[in-house]
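Input: a single structure, listed below in structure tokens.
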Amino acid sequence: MIRAFVSSSCTSRGKTEEALKQSGVDYEVRDFFRSRLTVAELKSILVTAGFSARDVLSTRSRVY
Numbered sequence: 050m051i052r053a054f055v056s057s058s059c060t061s062r063g064k065t066e067e068a069l070k071q072s073g074v075d076y077e078v079r080d081f082f083r084s085r086l087t088v089a090e091l092k093s094i095l096v097t098a099g100f101s102a103r104d105v106l107s108t109r110s111r112v113y
């Protein structure tokens with residue numbers, strides 16, 4: 050199962066969902082602005098992916 054964490058306002062969201070549909074793999078999409086990640090979920094994702102928090106910061110966003 051592939052889990053895609055997306056923002057509904059992101060232009061790449063539709064492309065991501067379309068690519069997953071066409072691939073035929075099992076997947077779920079979660080809008081992280083509507084369904085916030087818990088601290089435990091975020092830590093688990095970072096550890097599994099081998100990333101640090103700094104690695105996944107969106108430096109192009111206005112909030113940054």
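For the sequence shown, the numbering used here begins at 50 and goes up steadily by one.
Note that beta-carbon positions come from the ideal geometry of N, C-alpha and C, so glycine has one too.
Secondary structure remark: continuous alpha helix (DSSP H) runs of at least 4 residues inside the segment 73-102, in chain order: 88-98. In the DSSP secondary-structure assignment, Val55 is bridged to Asp80. The beta carbon of Arg52 is closer than 6 Å to those of Glu77 in its chain, skipping five residues each way along the sequence. Annotated three-state conformation of Leu106 is coil, per DSSP. Between Val105 and Arg79, the CB-CB gap reaches or exceeds 9 Å.
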